[in-house]
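A.B. asks: Below: one structure in structure tokens.
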Ligand SMILES: [Zn+2]
Ligand SMILES: [Zn+2]
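Residue numbers (the numbering used here): 1 to 273.
Take a look at the structure:
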């Protein structure tokens, strides 16, 4: 009983904890190794199932982020938004059976990214949840109590064929982002980009040994407008900023990138093939 109360208290803390101010720190201790092996590249579909921005009016919005990544072999849920009811509602609207998800990746500990996890696991616990290794034991025991498995991520790690984690980069809070080796090139997906969006993209280029980036998608965490030019300089071809990017920077990207700006929000489907 006491454990339950402590667990509930901790979860309440998460749901009340949202993405705060970004403080970029010096590089962490992530290791670099060759990845993206092989010449075959994946056809990928990205589907927004949780965001405060809306593309399809039939979907519900709420502060947070959640995207389904479909490869030819598996379905990965990256972040669960702040509320499982809205997450599951939106998944149903997009005809995504929660049971079709076999892996969940949580970018960082804030409630607007992992608040929907517990409710999701009640629908489907036959998943492996990839969490930053800095997560407290309360989260790990919540996952195992629901009957699911977890894998801790510290350095860069393979999540699935063509899909890799950057490993947790220092924030605060520590956060992992995803890198996908798609047919069109490197895709980087960020939850809230607390470690700094440009730093994350540079790390992803370093890990993947790519000179350019096909697409950067997700929350960019209220960066200064100067990052729009930095994105050009580091070779980012297309952008899909959402969640915590901020309207001003989002509009700035829209002006600079034109047809290479993708309006991302709940209900958006991006097919990369
Ligand atoms: Zn956050
Ligand atoms: Zn966030």
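From the three backbone atoms N, C-alpha and C, an ideal C-beta is built for every residue, glycine too. Every value quoted in this text rests on a predicted model; they were computed, and no experiment measured them.
Is there at least one non-hydrogen atom of ligand 2 closer than 8 Å to the beta-carbon of residue 171?
C.D. replies: Here the question's residue 171 lines up with position 171 in the chain shown. Checking every heavy atom of ligand 2 against the Cβ of residue 171, none is found closer than 8 Å.
A.B. asks: With distances taken from CA atoms, which of 98, 76 and 72 is nearest residue 41?
C.D. replies: For this step, residue 41 is matched to residue 41 along the chain shown. Comparing Cα-Cα distances from residue 41 to each of 98, 76 and 72, the minimum goes to 72.
A.B. asks: Nearest to residue 105 by CA position, among 234, 96 and 152, is which residue?
C.D. replies: As a working mapping, residue 105 is identified with position 105 in the chain shown. For the residues 234, 96 and 152, the minimum Cα distance to residue 105 belongs to 152.
A.B. asks: In its own chain, which residues sit with a C-beta less than 7 Å from the C-beta of residue 235, not counting the 5 before and 5 after it?
C.D. replies: One-based indexing of the chain shown puts residue 235 at position 235. Within the same chain, residue 235 has close Cβ partners 211, 212 and 213.
A.B. asks: Does residue 247 come out as helix, strand or coil in the three-state DSSP assignment?
C.D. replies: Within the chain shown, residue 247 is the residue found at index 247, counting from 1. The answer is helix: DSSP assigns residue 247 an H, G or I state.
A.B. asks: For the beta strand (DSSP E) containing residue 152, name the first residue and the last one.
C.D. replies: By 1-based counting over the chain shown, the position of residue 152 is 152. Per DSSP, residue 152 belongs to the beta strand (DSSP E) from 149 to 153.
A.B. asks: Got a sec? Which residues, its chain only, sit under 7 Å from residue 195 by beta carbon, not counting five neighbours each side?
C.D. replies: On the chain shown, residue 195 is found 195 positions in, with the first residue counted as 1. Excluding residues within five positions, the ones whose Cβ falls inside 7 Å are 24, 169, 170, 171 and 175.
A.B. asks: Measuring from the CB of residue 222, is there a heavy atom of ligand 1 at a distance below 8 Å?
C.D. replies: Here residue 222 corresponds to residue number 222 of the chain shown, with the count starting at 1. No, since every heavy atom of ligand 1 falls outside the 8 Å radius drawn around the Cβ of residue 222.
A.B. asks: Could you tell me if residue 160 is buried or exposed, where buried requires 16 or more neighbouring beta carbons within 10 angstroms of its beta carbon?
C.D. replies: Translated into the one-based positions of the chain shown, residue 160 becomes position 160. Classification of residue 160: buried, given that the 10 Å Cβ count is 16 or more.
A.B. asks: Give me the Cα-Cα distance between residue 149 and residue 132, rounded to the nearest whole angstrom.
C.D. replies: Translated into positions along the chain shown, residue 149 becomes position 149. Translated into positions along the chain shown, residue 132 becomes position 132. Near 14 Å, if we compare the C-alpha coordinates of residue 132 and residue 149.
A.B. asks: Return yes when the C-beta of residue 95 is under 8 Å from any heavy atom of ligand 1, and no when it is not.
C.D. replies: Position 95 of the chain shown holds residue 95. Checking every heavy atom of ligand 1 against the Cβ of residue 95, none is found closer than 8 Å.
A.B. asks: Please report the residue range of the beta strand (DSSP E) in which residue 75 lies.
C.D. replies: Numbered from 1 along the chain shown, position 75 holds the residue referred to as residue 75. Its beta strand (DSSP E) spans residues 75 to 78.
A.B. asks: What number of angstroms, rounded off, separates the C-alpha of residue 51 from the C-alpha of residue 265?
C.D. replies: What you label residue 51 is simply residue 51 of the chain shown in a count that begins at 1. What you label residue 265 is simply residue 265 of the chain shown in a count that begins at 1. Distance between the alpha carbons of residue 51 and residue 265: 6 Å.
A.B. asks: Tell me the rounded alpha-carbon separation between residue 116 and residue 83.
C.D. replies: As a first step, residue 116 must be located in the chain shown, where it is residue number 116. As a first step, residue 83 must be located in the chain shown, where it is residue number 83. Those two C-alpha atoms are separated by around 4 Å.
A.B. asks: Taking buried to mean at least 16 other C-beta atoms within 10 Å of its own C-beta, is residue 203 buried or exposed?
C.D. replies: Taking the chain shown and counting its residues from 1, one reaches residue 203 at position 203. Under this definition residue 203 is a buried residue.
A.B. asks: Is any non-hydrogen atom of ligand 1 found closer than 8 Å to the C-beta of residue 51, if you look at the structure I gave you?
C.D. replies: Residue numbering aside, residue 51 sits at position 51 when the chain shown is read from its first letter. Residue 51: no, Cβ never under 8 Å from ligand 1.
A.B. asks: When the distance is taken between beta carbons, is residue 272 closer than 9 Å to residue 274?
C.D. replies: With the chain running from 1 to 273 in the structure shown, residue 274 is simply not present.
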